[in-house]
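In the numbering used here, the protein residues as written are 142 to 412.
For glycine and all other residues, C-beta sits at the position ideal for the given N, C-alpha and C.
Bear in mind the structure is a predicted one, so any value in this text is a computation, not a measurement.
Written as structure tokens, this is what we have:
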């Protein structure tokens, strides 16, 4: 495995302010040797292969949430449920995590969590920070999406990861983005779908873009059935290896009163 692309995210507080793709040099022999070695604790749950340098017993609840995410996300999005392996590498301390990455992957900036996919199985790396559970849910959302689909439009990929990074019970009204989304909706500010779908570089995704992507995905998942159909049909065409076309144009064609529906949806969320 050589020169893969790494998705990484710089996180400040609870929100992501910068994300981009960088090239990295990998030592295939060293990393293959690492994967084959026994870790202090290892566990398989569905397609997930967990490798940790501490006891995973302390993460039982989180692992159950990830298993639920693997089942629920394909059902809600109506995308294929794939059982291809996803390796999740978990570290007890930041220093150990950073030393591991520095040994096996070069030219990768030090970040709190990351998702990697280059041809083979998807890989998630994270350490036990204060945002550990959020980070793992976020990155495994990317992993499940990329297991199911040949590609994922960047803004949809990040919008869905922002939505599913919180526990299931909090996804309707308690996402950290919701306060500002409700504020903007109350001011009749409609995020531009065309602007979002024209973003092709992760470096162009800032705090506003993450929030707007989340807002549209929340509308599609929890709003009117016509909006849910737009998202599901868009992803279905991707799964079938067919060019999906413009999401914005599809939304306008199928939900012509989308602006009214969008603001009505968020008025209901504010109630």
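Secondary structure of residue i, DSSP reduced to three states
{"i": "residue 254", "result": "strand"}
{"i": "residue 340", "result": "coil"}
{"i": "residue 322", "result": "helix"}
{"i": "residue 184", "result": "strand"}
{"i": "residue 231", "result": "strand"}
{"i": "residue 190", "result": "strand"}
{"i": "residue 300", "result": "helix"}
{"i": "residue 392", "result": "helix"}
{"i": "residue 399", "result": "helix"}
{"i": "residue 264", "result": "strand"}
{"i": "residue 292", "result": "coil"}
Where residue i falls, given that 16 or more other Cβ within 10 Å makes a residue buried
{"i": "residue 281", "result": "buried"}
{"i": "residue 111", "result": "Lying before the first or after the last residue shown, residue 111 is absent from the chain, which here runs from 142 to 412."}
{"i": "residue 289", "result": "buried"}
{"i": "residue 205", "result": "exposed"}
{"i": "residue 316", "result": "buried"}
{"i": "residue 287", "result": "buried"}
{"i": "residue 284", "result": "buried"}
{"i": "residue 252", "result": "buried"}
{"i": "residue 382", "result": "exposed"}
Which listed residue (the options) has its alpha carbon closest to that of residue i
{"i": "residue 310", "options": "213, 182 and 269", "result": "213"}
{"i": "residue 363", "options": "348, 400, 383 and 313", "result": "313"}
{"i": "residue 384", "options": "401, 340, 291 and 366", "result": "291"}
{"i": "residue 209", "options": "195, 375 and 187", "result": "187"}
{"i": "residue 338", "options": "322, 350, 327 and 308", "result": "350"}
{"i": "residue 400", "options": "203, 307, 368 and 298", "result": "368"}
{"i": "residue 346", "options": "374, 222, 334 and 299", "result": "299"}
{"i": "residue 348", "options": "296, 387, 388 and 381", "result": "296"}
{"i": "residue 320", "options": "207, 211 and 408", "result": "408"}
{"i": "residue 360", "options": "340, 326, 189 and 236", "result": "326"}
C-alpha gap between residue i and residue j, whole angstroms
{"i": "residue 192", "j": "residue 379", "result": "31 Å"}
{"i": "residue 182", "j": "residue 197", "result": "6 Å"}
{"i": "residue 376", "j": "residue 226", "result": "21 Å"}
{"i": "residue 413", "j": "residue 180", "result": "What the structure shows of the chain is the stretch from 142 to 412, and residue 413 is not part of that stretch, so it cannot be assessed."}
{"i": "residue 402", "j": "residue 304", "result": "20 Å"}
{"i": "residue 165", "j": "residue 254", "result": "Bear in mind that a pLDDT of 45 at residue 165, under 50, signals an unreliable position, so the number given afterwards is only what the model happens to contain. Computed Cα separation, rounded: 16 Å."}
Could you tell me whether the stretch 353-361 touches the stretch 271-280, using the rule of 3 or more Cβ pairs below 8 Å? In short, these stretches do not touch, since the Cβ pair count stays below three.
Validate contact between the stretch 251-268 and the stretch 225-241 using beta carbons, cut 8 Å, 3 pairs: Judged by Cβ distances under 8 Å, the stretch 251-268 makes contact with the stretch 225-241, as three or more pairs qualify.
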